[in-house]
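Shown next, in structure tokens, is the structure this report addresses.
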Amino acid sequence: MTFLDFEKPIQELWEQLDKAKQTHEKGKVDMSTTIADLENKIQETRKEIYSNLTPWQKVQVSRHPERPYVLAYMNAMTYNTFQELHGDRSVKDDKAMIGGFGSIDGKTFMLIGQQKGINTKMRQYRNFGMANPEGYRKALRLMKLAEKFNKPIVTLIDTPGAHPGLEAEERGQGEAIARNLLEMSQLTVPVICIVIGEGASGGALGIGIGDKVLMLEHTWYSVISPESCSSILWRSWDFKEQAATALKLTAENMLEQKLIDGIIKEPIGGAHVNQEESFQNVKKEILKQVAKLEKIEADKRIEARIEKFSSMGVFVEG
Amino acid sequence: MSEKVSWFKRIRGGITTSTREKKEAPEGLWYKCPSCKHIVDTNDNAIHLWVCQKCNHHQRIGSAEYFGILFDEGKFKEVNANLVSADPLNFSDTQKYTERLAASEKKTGLKDAISTATGKIEGVETMVACMDFTFIGGSMGAVVGEKISRAIDCCIKKKTPLIIISKSGGARMMEAAHSLMQMAKTSVKLAQLSKAKIPYISLITDPTTGGVTASFAMLGDLNIAEPGALIGFAGPRVVRETIGKDLPKDFQTSEFLLEHGFLDFIVERKNLKSRLAQTLKFFAA
Chain A
86 MTFLDFEKPI QELWEQLDKA KQTHEKGKVD MSTTIADLEN KIQETRKEIY SNLTPWQKVQ
146 VSRHPERPYV LAYMNAMTYN TFQELHGDRS VKDDKAMIGG FGSIDGKTFM LIGQQKGINT
206 KMRQYRNFGM ANPEGYRKAL RLMKLAEKFN KPIVTLIDTP GAHPGLEAEE RGQGEAIARN
266 LLEMSQLTVP VICIVIGEGA SGGALGIGIG DKVLMLEHTW YSVISPESCS SILWRSWDFK
326 EQAATALKLT AENMLEQKLI DGIIKEPIGG AHVNQEESFQ NVKKEILKQV AKLEKIEADK
386 RIEARIEKFS SMGVFVEG
Chain B
163 MSEKVSWFKR IRGGITTSTR EKKEAPEGLW YKCPSCKHIV DTNDNAIHLW VCQKCNHHQR
223 IGSAEYFGIL FDEGKFKEVN ANLVSADPLN FSDTQKYTER LAASEKKTGL KDAISTATGK
283 IEGVETMVAC MDFTFIGGSM GAVVGEKISR AIDCCIKKKT PLIIISKSGG ARMMEAAHSL
343 MQMAKTSVKL AQLSKAKIPY ISLITDPTTG GVTASFAMLG DLNIAEPGAL IGFAGPRVVR
403 ETIGKDLPKD FQTSEFLLEH GFLDFIVERK NLKSRLAQTL KFFAA
């Protein structure tokens with residue numbers, strides 16, 4: 086278990102629980118009531134802490150090292166039927182953007198998302214979940230494939246941003262993202278986008294144009310990370326907490342501003358505490374939304390999708 | 163030692179001192195090219211469309227200048243001129259967003275970072291949306307998104323072609339996710355324009371980066387640019403920090419993008435109007 090700085094009270098109880106369990110296992114003293122008490126206490130403390138998270142703390146939870154990443158959702162939701170499909174048919178296969186077919190309760194879906202690495206070696210392999218242009222182009226290729234065979238599309242968003250590298254610029258990072266925004270608005274199949282971790286800027290939006298855009302409870306979505314915002318506007322890295330608050334980037338904030346369509350609950354203590362529950366929550370929501378969306382005619386769905394994004398933004402007409 | 167070895171190698175020529183005290187002439191009379199330091203009379207500068215006659219450096223100009231260059235006899239009708247930002251997040255960093263807006267308006271006389279106008283370009287009725295970098299770095303917030311969106315609606319209704327002149331640092335941080343969603347908004351509207359088969363020419367000028375590059379600037383039926391403009395998704399400083407070495411000399415310039423296949427052509431400002439007019443006629447005739 087990795088604990089975040091604000092989870093100290095949980096960590097202390099956890100350590101006590103660990104000791105109690107050890108004593109119990111040695112068989113000298115019956116600690117079962119103590120263990121039950123501590124387990125209850127941990128759950129209560131979690132509830133207490135997690136119902137009062139600050140925006141910055143939510144950012145921390147969204148980046149928790151034990152939090153399930155995209156591939157884990159894909160495998161769990163499809164009972165390991167997920168068949169990854171590689172390559173953009175032009176330059177290469179981007180390891181930070183993955184996609185493929187999967188069967189969820191007997192129904193075929195196209196699943197696409199940014200994958201972060203699960204350990205040091207894999208983090209590098211996955212480029213920390215930062216896709217290059219070929220990643221966005223692969224995503225679009227797979228979406229078009231799904232459209233051709235009338236399969237609904239689910240994108241799972243978890244990225245610290247699109248990769249800001251030299252080759253990315255050479256191969257048109259801006260064009261690749263822009264093209265996806267335009268093309269996704271015209272897809273004739275239902276599109277559901279879910280932020281499962283970090284939703285950073287254009288890199289997230291590049292697979293984020295859907296009929297329903299949802300966020301897990303402890304995730305964030307904004308134009309910039311709180312750290313970068315702090316460094317640009319305050320000219321120092323020390324104002325990330327203020328920046329996180331000012332950006333109004335939590336799922337709750339985003340729903341209030343009508344920039345997303347809904348929030349998916351996480352287990353108490355965050356998605357990593359009970360991964361199976363998280364997978365089931367997301368799966369249920371996908372099935373529920375797709376059933377509703379499939380009742381609507383394709384033209385109407387596209388019209389509503391365009392209308393939704395066209396009406397975003399607050400201004401005054403003086 | 164038989165030969166002198168210099169310890170430090172100067173990578174870029176000329177020490178540039180940009181402090182105000184070093185200015186040699188009072189502002190308003192003379193213009194010094196920031197690229198080659200050539201000094202010209204400001205009137206001559208305007209006659210040459212703010213392009214250095216010595217080194218061909220295309221200076222940054224605003225919507226008023228572009229409208230003057232493009233529209234016949236400088237005549238045009240501005241539309242939706244009174245849209246202003248609403249500060250939906252009550253945003254404040256070292257300064258309140260509303261104060262930044264007020265200061266920018268005072269400094270530039272503009273209400274936001276884009277102006278939209280209709281008029282004739284060599285007789286062809288055209289909608290032109292032009293960004294102003296002087297207004298909070300030409301950043302895109304809700305007003306930029308809405309003005310482009312309305313311009314597109316108008317183009318579809320009246321079947322007039324659209325030109326967007328981009329010049330922007332990207333999405334406006336002070337409107338956070340609202341400004342991020344303007345990338346989505348402008349792109350989905352452009353999909354509608356595209357479906358209606360109305361031509362859209364994206365003219366990219368110095369500098370264009372971030373969310374503007376990653377949305378409408380790259381989505382033209384034709385993407386064209388002025389010479390030497392900085393065009394990219396990530397800014398050069400960020401890229402340099404990422405790769406940990408110096409960038410190639412022409413990195414992220416118009417010429418670089420043309421070479422890598424992201425621009426249809428580069429056009430000098432003196433030819434801008436005639437080339438645009440000719441291109442619009444290709445679509446119409």
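From first to last, the protein sequence lines stand for chains A and B.
Residue numbers are given in the numbering used here: position 250 of the first sequence equals residue 335, and the series is strictly consecutive.
Residue numbers are given in the numbering used here: position 107 of the second sequence equals residue 269, and the series is strictly consecutive.
For glycine and all other residues, C-beta sits at the position ideal for the given N, C-alpha and C.
Beta bridge counterpart(s) of residue 187 of chain A as assigned by DSSP: A:194, per the DSSP bridge assignment.
How about residue 216 of chain A and residue 376 of chain B: are their beta carbons less than 9 Å apart? If you check the CB distance, residue 216 of chain A and residue 376 of chain B do not come in under 9 Å.
Can you tell which of B:397, B:351 and B:423 has the C-alpha that lies nearest to the C-alpha of residue 385 of chain B? B:423
Under 8 Å: do the stretch 170 to 185 of chain A and the stretch 222 to 236 of chain A share three or more Cβ pairs, one atom per stretch? yes
Contact check, residue 399 of chain A vs residue 340 of chain B, beta carbons under 9 Å: Yes, the Cβ-Cβ distance between residue 399 of chain A and residue 340 of chain B is below 9 Å.
Count the other CB atoms within 10 Å of the CB of residue 317 of chain A; is the residue buried (16 or more) or exposed (fewer)? exposed
Quick check: what's the CA-CA separation for residue 436 of chain B versus residue 331 of chain B? 28 Å
List, from N- to C-terminal side, the beta strand (DSSP E) runs of 3 residues or more that fit wholly inside the stretch 247 to 324 of chain B. 276 to 283 and 286 to 293
For the stretch 128 to 143 of chain A against the stretch 162 to 181 of chain A, are there 3 or more C-beta pairs whose distance is under 8 Å? no
Going by DSSP, what residue range makes up the beta strand (DSSP E) through residue 282 of chain A? 276 to 285
Assign residue 399 of chain B to buried or exposed, taking buried as 16 or more other Cβ atoms, counted over all protein chains shown, within 10 Å of its Cβ. exposed
Just how far apart, CA to CA, sit residue 163 of chain B and residue 169 of chain B? Model confidence at residue 163 of chain B stands at a pLDDT of 46, short of 50, so the residue's coordinates are unreliable; what they give is reported in the following sentence. Their backbone Cα atoms lie some 14 Å apart in a straight line.
When B:321, B:303 and B:292 are compared against residue 247 of chain B, the one with the closest alpha-carbon: For residue 247 of chain B, the closest alpha carbon among the candidates B:321, B:303 and B:292 is that of B:303.
Whole alpha helix (DSSP H) runs in the stretch 237 to 267 of chain A with 4 or more residues, listed along the chain? 251 to 255
Chain-ordered neighbours of residue 314 of chain A on chain B, where CB pairs are closer than 7 Å: Correct list: 335.
Have a look at residue 311 of chain B and residue 315 of chain A and give me their C-alpha separation to the nearest angstrom. 31 Å
Kindly indicate if chain B contains any beta-carbon less than 9 Å away from that of residue 397 of chain A. yes
Which whole-angstrom value is the C-beta distance of residue 318 of chain B and residue 358 of chain B, which I expect to be below 8 Å? Right, the Cβ-Cβ distance comes to about 5 Å (below 8 Å), so this counts as a contact.
Cβ shell of residue 321 of chain A (< 8 Å), same chain only, five flanking positions each side left out: 315
Please go through the same chain and pick out, in chain order, the residues whose beta-carbon is closer than 6 Å to the beta-carbon of residue 389 of chain A, but skip the five residues on each side of it. none
State buried or exposed for residue 117 of chain A, treating a residue as buried only when at least 16 other CB atoms are found within 10 Å of its CB. exposed
Residues of the stretch 344 to 377 of chain B with a CB closer than 7 Å to any CB of chain A: list them in chain order, please. 344, 345, 346, 347, 349, 350, 351, 352, 353, 354, 373, 375, 376 and 377
Check this for me: beta carbons of residue 298 of chain B and residue 336 of chain B, under 9 Å apart or not? yes
Any beta carbon from chain A within less than 9 Å of residue 380 of chain B's own beta carbon? yes
Is the beta carbon of residue 197 of chain A closer than 9 Å to that of residue 294 of chain A? no
For residue 238 of chain B, three-class secondary structure by DSSP: In the structure shown, residue 238 of chain B sits in a strand (DSSP, three-state: E or B).
Relative to the alpha-carbon of residue 290 of chain A, which residue among A:301, A:264 and A:302 has its alpha-carbon at the smallest distance? A:264
Chain-order list of residues whose beta-carbon lies under 8 Å from that of residue 338 of chain B (same chain, five-residue window excluded): 251 and 253
How close, in whole Å, do the beta carbons of residue 259 of chain A and residue 395 of chain B come, if the pair is a contact with beta carbons under 8 Å? 4 Å
At a Cβ cut of 9 Å, what residues of the stretch 271 to 302 of chain B count as close to chain A, listed as they run along the chain? 273 and 274
Taking only beta carbons into account, state which residues of the stretch 152 to 179 of chain A come closer than 7 Å to chain B, listed in chain order. Look at the stretch 152 to 179 of chain A: it has no residue with a C-beta under 7 Å from a C-beta of chain B.
Please list, in chain order, the chain A residues whose beta carbon lies closer than 7 Å to that of residue 247 of chain B. 400
Take the Cβ of residue 112 of chain A as the centre, count every other Cβ of all protein chains shown within 10 Å, and call the residue buried at 16 or more, exposed below. exposed
Can you list, in chain order, the residues of its chain with a C-beta nearer than 7 Å to that of residue 271 of chain A? Leave out the 5 residues immediately preceding and following it. The residues are 387.
From residue 87 of chain A to residue 150 of chain A, what distance separates their C-alpha atoms? 8 Å
Positions along the stretch 283 to 295 of chain A whose CB lies within less than 8 Å of some CB in chain B: 286, 287, 290, 291, 293 and 294
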